[in-house]
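In what follows, a single structure is set out as structure tokens and then discussed.
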Amino acid sequence: MKRIARLALVSCCALFATHAITAQVADEKWPAEGHHPVPSIQDKETPAEKDARMKWFREARFGMFIHWGIYSVPAGRWQGKEVPGLGEWIMNSGSIPVADYKAFAPQFNPTQFDAHAIVALAKAAGMKYIVITAKHHDGFAMYDSKADPFNIMSGTPFKRDPLHELAVEAHKQGIKFGFYYSQYQDWTAPGGAAYKTGDHKPPTYHWDPAQDGDFSHYLHTKAIPQMKELLTNYGESPDIIWFDTPYESGYQSNDHPNPKDVHGMTPQWASEIVSLLNTRPKLIWNNRLGGGYNGDTETPEQYIPANGYPGRDWESCMTINDTWGYKVDDKNFKSTETLLRNLIDIASKGGNYLLNIGPESTGVVPPEEVARLEQMGKWMDVNGESIYATKPTLFGSEAGAFSTTEKDKQGKPKFVPEWKWRSTTKADKVYIHLFEWPSTHTFHVAKMPRTVTGAYLLADTSHKPLKFTQKGGALDVQLPDAALDPIATVLVLKTR
Ligand code: H79
Numbered sequence: 000m001k002r003i004a005r006l007a008l009v010s011c012c013a014l015f016a017t018h019a020i021t022a023q024v025a026d027e028k029w030p031a032e033g034h035h036p037v038p039s040i041q042d043k044e045t046p047a048e049k050d051a052r053m054k055w056f057r058e059a060r061f062g063m064f065i066h067w068g069i070y071s072v073p074a075g076r077w078q079g080k081e082v083p084g085l086g087e088w089i090m091n092s093g094s095i096p097v098a099d100y101k102a103f104a105p106q107f108n109p110t111q112f113d114a115h116a117i118v119a120l121a122k123a124a125g126m127k128y129i130v131i132t133a134k135h136h137d138g139f140a141m142y143d144s145k146a147d148p149f150n151i152m153s154g155t156p157f158k159r160d161p162l163h164e165l166a167v168e169a170h171k172q173g174i175k176f177g178f179y180y181s182q183y184q185d186w187t188a189p190g191g192a193a194y195k196t197g198d199h200k201p202p203t204y205h206w207d208p209a210q211d212g213d214f215s216h217y218l219h220t221k222a223i224p225q226m227k228e229l230l231t232n233y234g235e236s237p238d239i240i241w242f243d244t245p246y247e248s249g250y251q252s253n254d255h256p257n258p259k260d261v262h263g264m265t266p267q268w269a270s271e272i273v274s275l276l277n278t279r280p281k282l283i284w285n286n287r288l289g290g291g292y293n294g295d296t297e298t299p300e301q302y303i304p305a306n307g308y309p310g311r312d313w314e315s316c317m318t319i320n321d322t323w324g325y326k327v328d329d330k331n332f333k334s335t336e337t338l339l340r341n342l343i344d345i346a347s348k349g350g351n352y353l354l355n356i357g358p359e360s361t362g363v364v365p366p367e368e369v370a371r372l373e374q375m376g377k378w379m380d381v382n383g384e385s386i387y388a389t390k391p392t393l394f395g396s397e398a399g400a401f402s403t404t405e406k407d408k409q410g411k412p413k414f415v416p417e418w419k420w421r422s423t424t425k426a427d428k429v430y431i432h433l434f435e436w437p438s439t440h441t442f443h444v445a446k447m448p449r450t451v452t453g454a455y456l457l458a459d460t461s462h463k464p465l466k467f468t469q470k471g472g473a474l475d476v477q478l479p480d481a482a483l484d485p486i487a488t489v490l491v492l493k494t495r
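Quick note, the sequence shown lines up with residues 0 to 495 if you use my numbering.
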């Protein structure tokens, strides 16, 4: 269905001929939904089974992403200079040869790593799950892997398995836990794919002959054996597998409009991984496996979609500064206000916020990140009821509107968000998150879809009733003179 819709879309544009051809290629390449070489859990389950499987994820709303690997050793600098871009991309962006990059491993000794403290930090922030990089594009495994020696156990002086320690702690502290795994890109294993960047040449985009080899060999000797380890060696875990970049360029999910120059995960390769995923029937996995599998979740990266994804589960993953993996030069931390408003915005659209931290090579979580997560947690302690297990807004236009003049990068009307308020709902309650305190000290909405029977502020422990009027659909609630929380004060409307 999706692919047909896309075809219709591209056929309107000026590049009709080229796109029509590539779209045919796409159709041959990716089988229709439900016709995968190996049916996935999503293909086989009933809607009720899906609801049961996704229940905890839908209620969670807030999770911690952790990007941690040997890229935290160079921490964004190579040969005395900052390498622009993402910290975990330094090997690619700096065209670092394989042997030089591998030399970071013996320097990686994160003795200050504390699994208990990291899980406790996630909990203090109000996060309900953690996803950590088991292997990023650099190919280094952050766990005890027998399948490949380039890992934290056999390749570093640390000789501990942080994934095991985190899995134990997550279980103890009652939080869900999952693994990010770069199944397609691997810049240190011969045959692993590399995303198109800089002056690296097609078709492989490799920058060191040591990277050349056969992808199928890499898949069968490294990625699949490592996936097996991750799915069997960690007890109850993982609850989530987070794939990434199934193509050399362009898009991160199955929505690749121009597969002409792109190889990508084939249905056959992806299906071999799906066979493994099927051994854990409660597992949740994202839309970045490739090969035509849609997975469970849409994964907007570094943005919040205008209207969410009605009918699909989704999760916006975002950095707390401008990098995922630690960079000593990146101090561009977002404010607690921005982070909390992002969380509220996402919840109001029915999604989850997967907010990243990037620990240092010592194992220390940057103090700026800790401070922000703790501040978010203080707000969540008071107002979490308006976030967890809520449903999206009953209104909609409060989030902003598409511009009639401005266009985005793809030439579509640009979404211009508004930041006055957001809303979520749960059973008979409607929550209004007020970002701006109305100068009239009145919350006014022209069309209230339900009958209001009471109103109070969530941060007011006495729940003192607020006066309100509802006439001809319009609702006016009298607010106190000042906000209880300058970031977001939550007004609760009891309704019938
Ligand atoms: O793990 C994080 C990123 O490293 C990963 N996904 C998140 C969760 C990711 N891999 N690829 N991409 C995101 C998209 C590719 C972005 C690129 Fe670039 C833009 C590649 C080339 C230009 C950023 C800038 C990376 C290198 C230069």
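Beta carbons: idealized from backbone N, C-alpha and C, even for Gly.
> Which value, in whole angstroms, describes the spacing of the CA atoms of Q225 and N232?
Replying inline: For the purposes of this step, residue 225 is taken as residue 226 along the sequence shown, with counting starting at 1. For the purposes of this step, residue 232 is taken as residue 233 along the sequence shown, with counting starting at 1. In this structure, the straight-line span from the alpha carbon of Q225 to that of N232 is close to 10 Å.
>> Please classify N382 as buried or exposed, where buried requires at least 16 other C-beta atoms within 10 Å of its C-beta.
In response: Counting from one through the sequence shown, the residue named residue 382 turns up at place 383. Per the 10 Å Cβ criterion, buried.
> Among the residues of its own chain, which have a CB less than 6 Å from the CB of A166, if the five just before and after it don't count?
Replying inline: In the sequence shown, residue 166 corresponds to position 167, counting from 1. These residues qualify, in order along the chain: F176, Y233 and S236.
>> Is the separation between the beta-carbon of A133 and that of F103 shorter than 7 Å?
In response: Counted from its first residue, the sequence shown places residue 133 at position 134. Counted from its first residue, the sequence shown places residue 103 at position 104. Cβ distance not < 7 Å, so A133 and F103 don't count as in contact.
>> For the structure I just gave you, are there three or more beta carbon pairs, one from the stretch 364 to 374 and one from the stretch 331 to 345, closer than 8 Å?
In response: Touching, yes, given that three or more Cβ pairs across the two stretches are closer than 8 Å.
> Considering only the beta carbon of each residue, do T265 and Y183 sit closer than 7 Å?
Replying inline: If you number the sequence shown from 1, residue 265 lands on position 266. If you number the sequence shown from 1, residue 183 lands on position 184. In this structure, Y183 does not lie closer than 7 Å to T265 by Cβ.
> Does the Cβ-Cβ distance between P464 and G453 come in under 7 Å?
Replying inline: Your numbering for residue 464 matches position 465 in the sequence shown. Your numbering for residue 453 matches position 454 in the sequence shown. A contact, by the Cβ cut-off of 7 Å.
> What's the C-alpha gap between D329 and D321?
Replying inline: Taking the first residue of the sequence shown as position 1, residue 329 is located at position 330. Taking the first residue of the sequence shown as position 1, residue 321 is located at position 322. The alpha-carbon atoms of D329 and D321 are separated by roughly 7 Å.
> From P148 to G154, what distance separates their C-alpha atoms?
Replying inline: Against the sequence shown, residue 148 aligns to sequence position 149. Against the sequence shown, residue 154 aligns to sequence position 155. P148 and G154: Cα-Cα distance of roughly 7 Å.
>> Using only the alpha-carbon positions, how far apart do S274 and G291 sit?
In response: Indexing the sequence shown from 1 puts residue 274 at position 275. Indexing the sequence shown from 1 puts residue 291 at position 292. If you take the alpha carbons of S274 and G291, they lie about 15 Å apart.
>> Using a Cβ-Cβ cutoff of less than 6 Å, which residues in the same chain neighbour T361 once the five nearest sequence positions on both sides are dropped?
In response: Taking the first residue of the sequence shown as 1, we reach residue 361 at position 362. Counting only Cβ-Cβ distances below 6 Å, and skipping sequence neighbours, we find P109 and Q111.
> Closest to V364 by CA distance: which of A458, L457, M63 and P202 is it?
Replying inline: Here residue 364 is taken as the residue at index 365 of the sequence shown, counted from 1. Of A458, L457, M63 and P202, the residue nearest in Cα terms is M63.
> What is the DSSP secondary structure of R76, counted as helix, strand or coil?
Replying inline: Position 77 of the sequence shown holds residue 76. The three-state reading of DSSP puts R76 in strand, counting E and B together.
>> Can you give me the C-alpha to C-alpha distance between G263 and W241, rounded to a whole angstrom?
In response: The residue labelled residue 263 in the question sits at position 264 within the sequence shown. The residue labelled residue 241 in the question sits at position 242 within the sequence shown. G263 and W241 have their C-alpha atoms spaced approximately 17 Å apart.
>> Less than 7 Å between C-beta atoms, sequence neighbours within five positions excluded: which residues of the same chain meet that for P280?
In response: As a working mapping, residue 280 is identified with position 281 in the sequence shown. So the qualifying residues of the chain are I40.
> Rounded to a whole number of angstroms, what is the C-alpha to C-alpha distance between A169 and G410?
Replying inline: On the sequence shown, residue 169 is found 170 positions in, with the first residue counted as 1. On the sequence shown, residue 410 is found 411 positions in, with the first residue counted as 1. Rounded to whole angstroms, A169 to G410 spans 44 Å at the Cα level.
>> So, with DSSP's three-state summary, where would you put S347?
In response: Indexing the sequence shown from 1 puts residue 347 at position 348. DSSP places S347 in helix when its eight states are reduced to three.
> Can you name the residues that DSSP bridges to E300?
Replying inline: To locate residue 300, count along the sequence shown from 1; it is residue 301. Beta-bridge partners of E300 (DSSP): C316.
> On the premise that S315 lies in contact with G350, defined as a C-beta separation below 8 Å, what is that separation, rounded to the nearest angstrom?
Replying inline: Counted from its first residue, the sequence shown places residue 350 at position 351. Counted from its first residue, the sequence shown places residue 315 at position 316. Between the beta-carbon of G350 and that of S315 there is about 6 Å, and that keeps the pair under the 8 Å contact cut.
> Is the beta carbon of T187 sitting closer than 7 Å to the one on V97?
Replying inline: Your numbering for residue 187 matches position 188 in the sequence shown. Your numbering for residue 97 matches position 98 in the sequence shown. Contact: yes.
> From what residue to what residue does the beta strand (DSSP E) around Y70 run?
Replying inline: By one-based count along the sequence shown, residue 70 stands at place 71. Per DSSP, Y70 belongs to no beta strand (DSSP E) and is neither H nor E.
>> Using a Cβ-based criterion (distance less than 6 Å to any ligand heavy atom), does E397 qualify as near ligand 1?
In response: On the sequence shown, position 398 is the one that residue 397 refers to. Not one heavy atom of ligand 1 falls within 6 Å of the beta-carbon of E397.
> What are the boundary residues of the beta strand (DSSP E) that D475 is part of?
Replying inline: As a first step, residue 475 is located in the sequence shown; it is residue number 476 there, counting from the start. Element bounds for D475: A473 to Q477.
>> Please report the distance separating the alpha-carbon of M90 from that of Q477.
In response: By 1-based counting over the sequence shown, the position of residue 90 is 91. By 1-based counting over the sequence shown, the position of residue 477 is 478. About 57 Å.
> Would E27 be called buried (16 or more neighbouring beta carbons within 10 Å of its own) or exposed?
Replying inline: Here the question's residue 27 lines up with position 28 in the sequence shown. Note that E27 has pLDDT 45, beneath the 50 cutoff, so the model's placement of it is unreliable and the number below is only indicative. Classification for E27: exposed.
> Does the beta-carbon of N331 have 16 or more other beta-carbons within 10 angstroms, so that it is buried, or is it exposed?
Replying inline: Locating residue 331 in the sequence shown gives position 332, where the first residue counts as 1. Answer is exposed; the Cβ neighbour count stays below 16.
>> Using 8 Å for Cβ pairs, my map puts I239 next to Y128. What's the rounded Cβ distance?
In response: Taking the sequence shown and counting its residues from 1, the one referred to as residue 239 is at position 240. Taking the sequence shown and counting its residues from 1, the one referred to as residue 128 is at position 129. Their Cβ separation, rounded to whole angstroms, is 7 Å, which keeps I239 and Y128 in contact under 8 Å.
> Considering only residues of the same chain and omitting the five flanking positions on each side of Q516, which have a CB-CB separation below 7 Å?
Replying inline: Any property of residue 516 remains undetermined from this structure, which presents the chain solely from 0 to 495.
> Near I20, which residues of its chain fall below 6 Å by C-beta distance, leaving aside the five closest residues on each side in sequence?
Replying inline: Your numbering for residue 20 matches position 21 in the sequence shown. Note that I20 scores 26 on pLDDT, short of 50, meaning its location in the model is unreliable; the coordinates nonetheless yield the value given after this. Counting only Cβ-Cβ distances below 6 Å, and skipping sequence neighbours, we find nothing.
>> ligand 1 and W67: does the residue's C-beta get closer than 6 Å to at least one heavy atom of that ligand?
In response: As a working note, residue 67 is residue 68 in the sequence shown. Distances between the C-beta of W67 and the heavy atoms of ligand 1 are all 6 Å or more.
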